[in-house]
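Notes follow once the structure below has been shown.
Numbering (full-length UniProt numbering), first residue to last: 1 to 44.
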């Protein structure tokens, strides 16, 4: 975290990577995320 701007948290990304797979979990509390819960691959 490099800065706090009101309700926003500004982060610096130090590594490039793709986080995916069945073991990847992202925990967000009290935050609205405009992303689908299930992907097309999940539905298949």
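Using N, Cα and C, we set each Cβ at its ideal position, and we do this for glycine too.
Just so we're clear, the structure is a prediction, and the values are computed from it rather than from any experiment.
{"Asked": "Separation of residue 14 from residue 33, as counted between CA atoms", "Found": "23 Å"}
{"Asked": "Where the beta strand (DSSP E) through residue 3 begins and ends", "Found": "3-5"}
{"Asked": "Proximity of residue 2 and residue 10 at Cβ, strictly below 8 Å", "Found": "yes"}
{"Asked": "Which of helix, strand or coil DSSP assigns to residue 16", "Found": "coil"}
{"Asked": "Three-way DSSP call (helix, strand, coil) for residue 8 in this model", "Found": "strand"}
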